[in-house]
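Residue numbers (my numbering): 15 to 142.
By construction, the Cβ of each residue, glycine as well, lies at the ideal position given by its N, Cα and C atoms.
Just so we're clear, the structure is a prediction, and the values are computed from it rather than from any experiment.
Accompanying notes for the structure given below.
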């Protein structure tokens with residue numbers, strides 16, 4: 015995937031901030047990579063991280079929708095998107111949820127995780 019930094023100034027800022035954190039970047043896995051869900055239902059994705067991290071940033075269709083920190087702070091653009099630890103106090107797994115899925119949420123989901131930028135892409139989120 016390529017993007018013009020001119021068309022995505024916020025993404026450039028996020029990349030610069032993440033690079034400046036000095037946080038250790040570790041391996042992570044995003045599951046499921048593909049999902050087909052009914053229009054209006056909820057879909058969940060889990061990010062499992064091995065090692066230390068400080069922030070996760072989730073985007074849907076190129077729009078930043080929520081961030082979560084390693085201490086559990088969560089900032090979302092609306093109640094439709096949320097992120098939380100899979101189990102209390104365990105920062106190695108974060109569950110990302112999209113409520114009331116519509117076709118506009120279809121397409122790539124991206125996860126940026128602390129320090130060195132790594133993208134996890136999924137294929138289209140299909141709604142029925």
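Measure the Cβ-Cβ separation of residue 115 and residue 70 and say whether it is below 7 Å.
-> Position 101 of the chain shown, counted from the start, is the residue given in the question as residue 115. Position 56 of the chain shown, counted from the start, is the residue given in the question as residue 70. No, these two residues do not count as a Cβ contact at 7 Å.
Write down the C-beta distance between residue 112 and residue 56 rounded to the nearest angstrom, noting that I regard them as a contact closer than 8 Å.
-> Sequence index remark: in the chain shown, residue 112 carries index 98 (1-based). Sequence index remark: in the chain shown, residue 56 carries index 42 (1-based). With 8 Å as the limit, residue 112 and residue 56 qualify as a contact, their Cβ atoms being about 7 Å apart.
Skipping 5 residues on each side, what residues in its chain have a beta carbon closer than 6 Å to that of residue 98?
-> Translated into the one-based positions of the chain shown, residue 98 becomes position 84. 109, listed in sequence order.
Buried versus exposed, by CB contacts within 10 Å (16 or more), residue 96 = As a position in the chain shown, residue 96 is number 82, starting the count at 1. Buried.
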